[in-house]
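Enquirer:
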Amino acid sequence: MSRGKKSDTASEPTHIADSHDRIRVVGARVNNLKDVSVELPKRRLTVFTGVSGSGKSSLVFSTIAAESQRLINETYSAFIQGFMPTLARPEVDVLDGLTTAIIVDQQRMGADPRSTVGTATDANAMLRILFSRLGDPHIGSPQAYSFNVASISGAGAVNLERGGRKIKERRDFNIIGGMCPRCEGRGTINDIDLSELYDDSKSISEGAFTIPGWKSDSFWTVRLYAESGFVDPDKPIAKFTKRQLNDFLYKEPTKVKVDGVNLTYEGLIPKIQKSFLSKDREGMQPHIRAFVDRAVTFITCPDCDGTRLNEAARSSTIDKINIAEACSMQISDLAEWVRGLNEPSVAPLLTTLQNTLDSFVAIGLGYLSLERPSGTLSGGEAQRVKMIRHLGSSLTDTTYVFDEPSIGLHPHDIQRMNELLIQLRDKGNTVLVVEHKPEMIAIADHVVDIGPGAGSEGGTICFEGSVEDLRSSETVTGHHLDDRVSLKDEVRSADGRLEIRGADTHNLKNVDVDIPLGVLCVVTGVAGSGKSSLIHGSMPKSADVVYVDQAPVRGSRRSNPATYTSMLDPIRKAFAKANGVKPGLFSANSEGACPNCKGAGVIYTDLGMMAGIDVPCEVCEGKGFQASVLEYHFGGRDISEVLKMSVAQAQEFFADDDSRVPAAHKILTHLTDVGLGYLSLGQPLTTLSGGERQRLKLATHMSDKGGVYVLDEPTTGLHLADVEQLLKLLDRLVDAGKSVIVIEHHQAVMAHADWIIDLGPGAGHDGGEVVFEGTPADLVADHSTLTGRHLAEYVGR
1 MSRGKKSDTA SEPTHIADSH DRIRVVGARV NNLKDVSVEL PKRRLTVFTG
51 VSGSGKSSLV FSTIAAESQR LINETYSAFI QGFMPTLARP EVDVLDGLTT
101 AIIVDQQRMG ADPRSTVGTA TDANAMLRIL FSRLGDPHIG SPQAYSFNVA
151 SISGAGAVNL ERGGRKIKER RDFNIIGGMC PRCEGRGTIN DIDLSELYDD
201 SKSISEGAFT IPGWKSDSFW TVRLYAESGF VDPDKPIAKF TKRQLNDFLY
251 KEPTKVKVDG VNLTYEGLIP KIQKSFLSKD REGMQPHIRA FVDRAVTFIT
301 CPDCDGTRLN EAARSSTIDK INIAEACSMQ ISDLAEWVRG LNEPSVAPLL
351 TTLQNTLDSF VAIGLGYLSL ERPSGTLSGG EAQRVKMIRH LGSSLTDTTY
401 VFDEPSIGLH PHDIQRMNEL LIQLRDKGNT VLVVEHKPEM IAIADHVVDI
451 GPGAGSEGGT ICFEGSVEDL RSSETVTGHH LDDRVSLKDE VRSADGRLEI
501 RGADTHNLKN VDVDIPLGVL CVVTGVAGSG KSSLIHGSMP KSADVVYVDQ
551 APVRGSRRSN PATYTSMLDP IRKAFAKANG VKPGLFSANS EGACPNCKGA
601 GVIYTDLGMM AGIDVPCEVC EGKGFQASVL EYHFGGRDIS EVLKMSVAQA
651 QEFFADDDSR VPAAHKILTH LTDVGLGYLS LGQPLTTLSG GERQRLKLAT
701 HMSDKGGVYV LDEPTTGLHL ADVEQLLKLL DRLVDAGKSV IVIEHHQAVM
751 AHADWIIDLG PGAGHDGGEV VFEGTPADLV ADHSTLTGRH LAEYVGR
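If you count by the UniProt record's numbering, then the sequence shown holds residues 1 to 797, one letter each, in order.
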């Protein structure tokens, strides 16, 4: 690929015309991109392909979309920019021809219990206005129907200016909101099992607390309760007086002095609520999460019956339907209800609401309800919900950027997604799509293939052109574009079963099904058919079951594969033993950290309203460790050199007789097995792609003792060439005596299965039934379900 050159627009006016027709990138070096130059046609649909970690997201999101966002932010005043995130200019020589970029990615929509599908798309806001105009009885403004606004009465001072003088005037106020006062608009209340907090047959001095981290000599917790003076620390909790028990469990925050130190004492229940329940569950350490799951149960609020709304909001109806009932409807049904309303006074509102609800149906999300918490959506569902805002937009000449929009979609649904992408393009927009599925690559006007490998072996443009030319190119993607996995001649026989009886979670209709053990079982069906409800919501809970779901890998820029997999612990101990020093010296987050950059390897400079910058630390030269620590060696390498190794290099290094660390080698083998041999041990997790993070999580579970593995769409983010490796990994798990249950849409995984459970026939209340159980060959021959017909087409039957 020839590199473009910088030009003087006055002497070379052709570039002015070019900028109207193409986006030009010259010398991009973000992450693993190797001085990449490329020209992308505007008002066309361009698909970016390549193996996971090849650099697709670095080019599309971190370069093109990031620079568009940064330039837009610069158009605002310095005052406004002070409230916006600062964005650094991507490392690239030239970027021109950019238009406003709208990013529609896979990021989850957050776990805020107050956020729902309705609030995230403004559908709730329109419904609230509708009920405030047509609801009978009339109870107030739109906020009277909002579960996020409490009813408050009171008085306060307001600042006024009269006759040039500033005065304060007392005003009464009365806010009428729709929030249920008992659950505060959450729909649930929590109940804490006291037996999981303490053993009441013991005294506090005898170690009654069973809360993780609450050791008997802990000054800030146990000693505070023991020496507060409110309870007898030597009396069994079961023998506390009523007053003592109330102070122990519920007392309001009160100042006390313990050993001459002023502290705040509060009851155990509010203490637990603040310490544990106010935190994001997914961010908790596993043992803390397990404790919370044991100790806390969430029950439907008895006052609002889970609707989140107070009695007044629920009393107001339109055609005998209140707003809570409207939000609980399946969106496809709600769309029909709104279509039946005929009220000229709110005609524009009804039209806009109708279009929004119809967009849900068009995008394959008609099975959702507006009351669905947004944090429960899968990555694919979240991405499609974000699309709702843009489908009815009148904007043209905009750049839409999508991150694998096929995620979570059955082959039947992918066709509808293709139609929507083409619709956006035909309105005069530039559509950039990062994608692996052949069905979505097929609709591209232009294809850019990045590779040839991943990580340091990728980052170059391998191909640009049409889909047909890609098919005949000598690239990894071209070779695998028409890959088809054949049905197996022989399938494994089950050696047991997991019984599910009367499953009725969400849309399941009293389902009875046996999940075979000792085989590769694939659970499939259109999006919203009930797959996750069956497996995650209805399968018998057991310590023998290992779940590898789509929850995101959490980690800061200080987290890396070595820390996330706990591989660094045996490595640090090996270094410590070989040199006769403490393991903490070999942690950039602990004693061994460079004092100048605190182990980060870079110095961050905040430039106020301008984007901050990272500069490699001059003291440690970006290594993150003190110079004295780097004098210690193991197997001839210092700790910074080990962290720079790729997984494959480290696997070989820690197998050598001079540097053998079996515990680290075992983890490295798992990382290689899931196709992550190219990652470096010290690479920040924040730089990993979605597919890389998914496989990193899978690798951490491969040493678990569970006999049943449940994988939720493990092909997410996988290139066509990587799917073959995944299938080999699944085979190895089954051949090692594991039972593997996979929720999946990818036809290659279906074809390779020993047993398929197909749910449907449709989504939402049109699904929730088992429409087929049997081998892939029987499903293809049966030809009676959507899955069967698509799988038959895939295998050429």
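Even for Gly, the Cβ is constructed at its ideal location relative to N, Cα and C. Predicted model, so just to flag it, every value in this text is computed and none were measured.
1) Any idea which residues DSSP pairs GLY774 with across the strands?
2) Quick check on ASP495: buried or exposed, where buried means 16 or more other Cβ atoms within 10 Å of its Cβ?
3) Can you give me the C-alpha to C-alpha distance between ARG289 and SER590, rounded to a whole angstrom?
4) Taking THR100 as the reference, give the member of GLY762, ILE72 and GLU91 with the closest Cα.
5) Could you spell out the range, first to last residue, of the beta strand (DSSP E) harbouring ARG660?
6) Inspect the beta-carbon positions of GLY624 and ALA593 and report whether they are closer than 8 Å.
7) Going by CA-CA distance only, name the one from TYR225, LYS239 and VAL292 that's closest to PRO212.
8) Beta strand (DSSP E) containing TYR794: first to last residue?
9) For the beta strand (DSSP E) that THR522 lies in, which residues bound it at each end?
10) So what does DSSP say about VAL647, is it helix, strand or coil?
11) Please say whether GLY364 and ARG389 have beta carbons closer to each other than 8 Å?
12) Alpha carbons only, please: which of PRO411, ASP413, ALA295 and ASP93 is nearest the one belonging to GLY27?
13) Beta strand (DSSP E) containing ASN190: first to last residue?
14) If I measure Cβ to Cβ from ASN560 and keep anything under 7 Å in the same chain, skipping five residues before and after, which residues do I get?
15) Would you list the one or two residues that DSSP bridges to ASP449?
16) Answer yes if the region 511-531 comes into contact with the region 475-493, meaning at least three C-beta pairs across the two stretches below 8 Å, and no otherwise.
17) So for ILE603, helix, strand or coil by DSSP?
18) Which runs of the alpha helix (DSSP H), 4 residues or longer, sit entirely within the region 77-113?
19) Just confirm the distance between the C-beta atoms of THR352 and MET126, as a whole number of angstroms; I'd bet it's less than 8 Å.
20) Using DSSP with H/G/I as helix, E/B as strand and the rest coil, what is TYR632?
21) Identify every residue that forms a DSSP beta bridge with ASP514.
22) For chain D, find out if any of its Cβ atoms is closer than 8 Å to the Cβ of LYS427; answer yes or no.
23) Please give me, in chain order, every unbroken run of the beta strand (DSSP E) with length at least 3 that falls completely inside the region 196-262.
24) Do ALA324 and LEU309 have their CB atoms nearer than 8 Å?
25) Just reading off the alpha helix (DSSP H) that ASP333 is part of, what are its end residues?
26) Between the region 112-125 and the region 367-375, are three or more C-beta pairs nearer than 8 Å?
27) Between which residues of its own chain and LEU568 is the CB-CB distance below 7 Å, once the five residues before and five after are set aside?
28) I need the boundaries of the beta strand (DSSP E) containing LEU40, first residue and last residue.
29) Please classify SER559: does DSSP put it in a helix, a strand, or coil?
30) Does the Cβ of THR356 have 16 or more other Cβ atoms within 10 Å, making it buried, or fewer, making it exposed?
31) Using a 10 Å radius around the Cβ and a threshold of 16 neighbouring Cβ atoms, would you call LYS274 buried or exposed?
32) Could you tell me whether the Cβ atoms of VAL30 and SER52 are closer together than 8 Å?
33) What is the DSSP secondary structure of GLU724, reduced to helix, strand or coil?
34) Do you know offhand how far LEU420's Cα is from TYR400's?
35) Along the chain, where does the beta strand (DSSP E) that runs through ARG492 open and close?
36) Roughly how many angstroms separate the alpha carbons of ASP731 and HIS746, rounded to a whole number?
Expert: In short:
1) DSSP lists ILE756 as partners of GLY774.
2) exposed
3) Just so you know, the alpha carbons of ARG289 and SER590 end up roughly 25 Å apart.
4) ILE72
5) From DSSP, ARG660 is part of no beta strand (DSSP E); its letter is neither H nor E.
6) yes
7) VAL292
8) It is not in any beta strand (DSSP E) - TYR794 instead sits in the alpha helix (DSSP H) that spans 786-795.
9) Checking the displayed sequence, the identity of residue 522 turns out to be Val instead of Thr. Unbroken beta strand (DSSP E) run through VAL522: 520-525.
10) helix
11) Going by C-beta atoms, ARG389 is not nearer than 8 Å to GLY364.
12) ASP93
13) 188-192
14) LEU681, GLY682, GLN683, PRO684 and LEU685
15) THR49 and PHE463
16) yes
17) strand
18) 78-81
19) 6 Å
20) coil
21) GLU499
22) Of the protein chains in the structure, only one exists, and it is not chain D.
23) 254-258
24) yes
25) Bounds of the alpha helix (DSSP H) holding ASP333 are 331-339.
26) yes
27) ALA562
28) 36-41
29) It is coil, neither helix nor strand.
30) If you draw a 10 Å sphere on the C-beta of THR356, you find 16 or more other C-beta atoms in it, and that means buried.
31) With fewer than 16 other Cβ atoms within 10 Å, it is exposed.
32) no
33) helix
34) When rounded, the distance between both Cα atoms is 12 Å.
35) Note, ARG492: premise wrong, no beta strand (DSSP E); not H, not E.
36) Our two residues, ASP731 and HIS746, have alpha carbons roughly 16 Å apart in a direct line.
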